[in-house]
Each structure stands twice: as C-alpha cells, then as structure tokens.
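A short worksheet on the structure shown next.
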Amino acid sequence: MRNPYLPVLPAPLIRNAVEAALLEDLGQAGDVTSLATIGPAVQATAVMNVRQQGYIAGMDVAKAAFAALDADTVFEALVSDGDAVQAGQDIARITGSGRSVMGAERVALNFLMHMSGIATHTARFVEQLQGTDARIVCTRKTTPGLRAFEKYAVRCGGGTSHRYGLDDAVLIKDNHIAVCGGVQQALDLAYSYVGHLMAVEIEVDTLEQFELALDAGGKVVLLDNMDPDTLRRAVAMNRGAALEASGNVDLDTVRAIGQTGVNFISTSKITMAAGTLDIGLDIKLGDEAK
C-alpha cells in the first residue's frame, strides 16, 4: 500500500520520462536480440529481486516502462515506495509478451535502481539524525531532467525537499548580498518583491551577518559552512527564525550538526553522491512461473 504521506509523481511526467528512455534504448530498429530469439506469441514471467538491503523508490516508474511497450503487461508490485527491503527479497512480478518484458527491462531497472539508491542513501542520513529535531533536505543539485524523480526518492527515504526550483521560493545567497549591497537591503527588496505568501530565506556566513539578518526581520536563515560550535552559538542567539545548516554535511558530520539544535540540514550528498540499489530481473520458467 502506498505511503499516504508521499507525494504522487504525475502520470504524464512518468510517461514522458519513460518514453524518452525507451526511445534512447530501443533506437531505430528496436530490441534486435529479442526480435531475433523470441517469437511474437511467446509469453514470459519475470521477477524483480533486490540483491542488497535498502529502501524502494520508483515502482510506478518501473511499471510504466513495461506498460509503455505493451499495455497488456501485468506488473504486480510486491512492495510500495518507501518500504525497507532485504537482500534476496522479491519486489515485483511481471507477466507479458517476452519481447516486451525484455525490451523494457533495462529502462525499468535503471529508474528503479537509481531512485532506490537515493532513497537508501537518504535513509542513512535520517537514521543519523534520530533523537534530534533536525530534518535532512535535498537541494537543486540533481541530475538534469530527473529532478522530480530524485526529489521524490528523497521523500521515500524519509527526507524532504528544499525549494524545488528557482521559482518557488526566494533564497538570497552571498552573491546576491554582495551585488545588492547588504543583508538589510537584500531582505527589504525580496519582501517587497514577492509579498507575504512566498518563503524568503537568506544565507549568512558569519554570526555578525546572522545578527543583521535577525535585525532585518529574517524568518528563515541558512547558516553556511559553520562548525558545530558556531551553529550552537547561532541557535542560542536566535529569535524565532527557522534555521538551516548547510556545507560540509556527510554521514560522518550530520549527527553533530543535528545536535546543535538547527531545524534543517541541507545537503547535495543525498542526490549527487548516492549509489544505486542492486536490483535484478530474472525470467521464471515452468513451476517457478506459477
């Protein structure tokens, strides 16, 4: 059963991504190996199996890959996105035209392995933050064209998202501050431009800048590249702003950062440094296929 707290990837988004991937893989002539060796009437049953422990993301995308080649293909999901899985566990059963199953196999697995790898890596960060009030969030550092899928995978691993793109929130970085003339000026300009309904966050590098941001009415402040001792001082100075820590975040440092009392920890590591989750597809024959 789908986790009700997960977002839903829109069907057109999935369809477009899957169709583009299939076109890339099948080329002009199609799957010549399957066309040569598998008759058009031959049916096949396959099982997707996880080869290592992790968390699943991308089941709907994998299902769409098979359906795109043959709408009659039956895809039975045995787990849901966000589920923890163990090595050796079957996660899906696919039945349909042998040619279609083989033609969609790699695209389905590529999406599923990539997204599940991100979910699994995110879950490791979430585990490190147990007992703190901090949430791990991903950034805009994502694979071009795959942002929606990667940010969704982060949610499957228990993380959440920073702004999705440049258009859904204001994030005033150090270069913005340098160009416009200061912290106060940047915040005044941002609030007057977007009004009260859009979130405005400002990045600061020092406690002096943090004090200026608080004086200027900053409601969300990104504390950039501060060590845990400096972060604790910022938390003690805070006057009700939401605090985000960023920079030098990895599995070895994230717990110490979370223990400082910040609200959010953003890192590109959960999307850009995640490996894939090892998942295979095996054809079942005879009694195994029943």
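Heads up: the sequence shown begins at 12 in our numbering, then just goes up one per residue. Idealized CB from N, CA, C, for every residue including glycine.
Open item on the list: For Leu262 and Gln139, which I take to be in contact (beta-carbon distance under 8 Å), what is that distance rounded to the nearest angstrom?
Closed with: Looking up residue 262 in the sequence shown gives position 251. Looking up residue 139 in the sequence shown gives position 128. Yes, Leu262 and Gln139 are in contact; Cβ-Cβ is about 6 Å, under 8 Å.
TODO: Taking the CB atoms as reference points, tell me whether Gly114 and Leu37 lie closer together than 8 Å.
DONE: If you number the sequence shown from 1, residue 114 lands on position 103. If you number the sequence shown from 1, residue 37 lands on position 26. Yes.
TODO: Please classify Arg13: is it buried, with 16 or more other beta-carbons within 10 angstroms of its beta-carbon, or exposed?
DONE: The residue given as residue 13 occupies position 2 in the sequence shown. Confidence in Arg13 is poor, its pLDDT being 49 and thus under 50, which makes the residue's placement too unreliable to answer from.
Task: Buried/exposed call for Val85, threshold 16 Cβ in 10 Å - done: Residue numbering aside, residue 85 sits at position 74 when the sequence shown is read from its first letter. Taking all protein chains shown into account, Val85 has fewer than 16 neighbouring C-beta atoms within 10 Å of its C-beta and is therefore exposed.
Task: Close beta carbons around Ser279, own chain, < 8 Å, minus the five adjacent residues each side - done: Here residue 279 refers to the residue found at position 268 of the sequence shown. Result list for Ser279: Cys149, Thr150, Lys152, in chain order.
Task: For Val265 and Thr217, the rounded distance between their alpha carbons - done: In the sequence shown, the residue the question calls residue 217 occupies position 206. In the sequence shown, the residue the question calls residue 265 occupies position 254. Roughly 20 Å between the two C-alpha positions.
Task: Buried versus exposed call for Leu34 [16 or more other C-beta atoms within 10 Å across all chains shown] - done: For the purposes of this step, residue 34 is taken as the residue at position 23 of the sequence shown. Classification for Leu34: exposed.
Task: Straight-line gap, Ala78 to Ser277 (C-alpha atoms, nearest Å) - done: As a first step, residue 78 must be located in the sequence shown, where it is residue number 67. As a first step, residue 277 must be located in the sequence shown, where it is residue number 266. Roughly 36 Å separates the two Cα atoms.
TODO: Classify Arg166 as buried or exposed, calling it buried when 16 or more other Cβ atoms lie within 10 Å of its own Cβ.
DONE: Taking the sequence shown and counting its residues from 1, the one referred to as residue 166 is at position 155. Taking all protein chains in view, the Cβ of Arg166 is crowded by 16 or more other Cβ atoms within 10 Å, so the residue is classified as buried.
Open item on the list: Taking 8 Å as the cut-off, does the region 97-115 touch the region 41-57 (at least 3 CB pairs, one atom from each stretch)?
Closed with: yes
Task: Candidates Ala95, Thr133, Tyr175, of which the one nearest Gly65 by Cα - done: Within the sequence shown, the letter at position 54 stands for residue 65. Ranking the options by Cα distance to Gly65, first place goes to Ala95.
Open item on the list: Rounding to the nearest angstrom, what Cα-Cα distance links Val61 and Asp81 in this structure?
Closed with: Taking the first residue of the sequence shown as 1, we reach residue 61 at position 50. Taking the first residue of the sequence shown as 1, we reach residue 81 at position 70. Their Cα atoms are separated by approximately 24 Å.
TODO: Count the C-beta pairs between the region 178-186 and the region 281-293 that are closer than 8 Å, then say yes if the count reaches three, no if not.
DONE: Contact fails between the region 178-186 and the region 281-293, because fewer than three Cβ pairs, one in each stretch, are under 8 Å apart.
Open item on the list: My output table needs one value for Thr241: the three-state DSSP class, helix, strand or coil.
Closed with: Taking the first residue of the sequence shown as position 1, residue 241 is located at position 230. Three-state DSSP puts Thr241 in a helix.
TODO: Report yes if the C-beta distance between Arg243 and Gly272 is below 8 Å; otherwise report no.
DONE: Translated into the one-based positions of the sequence shown, residue 243 becomes position 232. Translated into the one-based positions of the sequence shown, residue 272 becomes position 261. Their beta carbons are under 8 Å apart, which means Arg243 touches Gly272 by this criterion.
TODO: Run the CB neighbour count on Thr133, radius 10 Å, all protein chains shown included, and call it buried at 16 or more, exposed below.
DONE: Looking up residue 133 in the sequence shown gives position 122. Residue environment for Thr133: buried (at least 16 other C-beta atoms within 10 angstroms of its C-beta).
- [ ] Thinking Glu90 and Ile67 are a contact (beta carbons under 8 Å), I'd like their distance in whole angstroms, please.
- [x] Translated into positions along the sequence shown, residue 90 becomes position 79. Translated into positions along the sequence shown, residue 67 becomes position 56. Contrary to the premise, residue 90 reads as Val rather than Glu in this sequence. About 5 Å separates the two Cβ atoms, so the contact holds.
Task: Own chain partners of Thr131 with C-beta closer than 6 Å, once the 5 adjacent residues on each side are dropped - done: Within the sequence shown, residue 131 is the residue found at index 120, counting from 1. Only residues of its own chain outside the window of five on either side were considered, and among them Gly65, Tyr66, Leu288 have a CB closer than 6 Å to the CB of Thr131, listed in chain order.
- [ ] Quick one: residues in its chain with C-beta nearer than 7 Å to the C-beta of His173, no 5 flanking neighbours on either side, listed in chain order?
- [x] Along the sequence shown, read from residue 1 onward, the residue named residue 173 stands at position 162. Cβ neighbours of His173 beyond the five flanking positions: Val148, Cys149, Thr150, Ser277.
Open item on the list: I believe Val211 touches Tyr202 by the beta-carbon criterion, under 8 Å. Please report the beta-carbon distance rounded to the nearest angstrom.
Closed with: Along the sequence shown, read from residue 1 onward, the residue named residue 211 stands at position 200. Along the sequence shown, read from residue 1 onward, the residue named residue 202 stands at position 191. Their Cβ separation, rounded to whole angstroms, is 6 Å, which keeps Val211 and Tyr202 in contact under 8 Å.
TODO: Drop a sphere of 10 angstroms on the beta-carbon of Gln220, count the other beta-carbons inside from all chains shown, and report buried for 16 or more, exposed for fewer.
DONE: Mapped onto the sequence shown, residue 220 falls at position 209. The residue in question, Gln220, is buried, as its Cβ has 16 or more Cβ neighbours within 10 Å.
Task: Reduced DSSP category for Ala55 - H, G, I as helix; E, B as strand; rest coil - done: Taking the first residue of the sequence shown as position 1, residue 55 is located at position 44. Of the three classes helix, strand and coil, the one that applies to Ala55 here is strand, per DSSP.
TODO: Report the residue ranges of all beta strand (DSSP E) runs contained in full by the region 77-126; include only those spanning at least 3 residues, in chain order.
DONE: With a minimum length of 3 residues, the continuous beta strand (DSSP E) runs that stay inside the region 77-126 are 85-88, 101-108.
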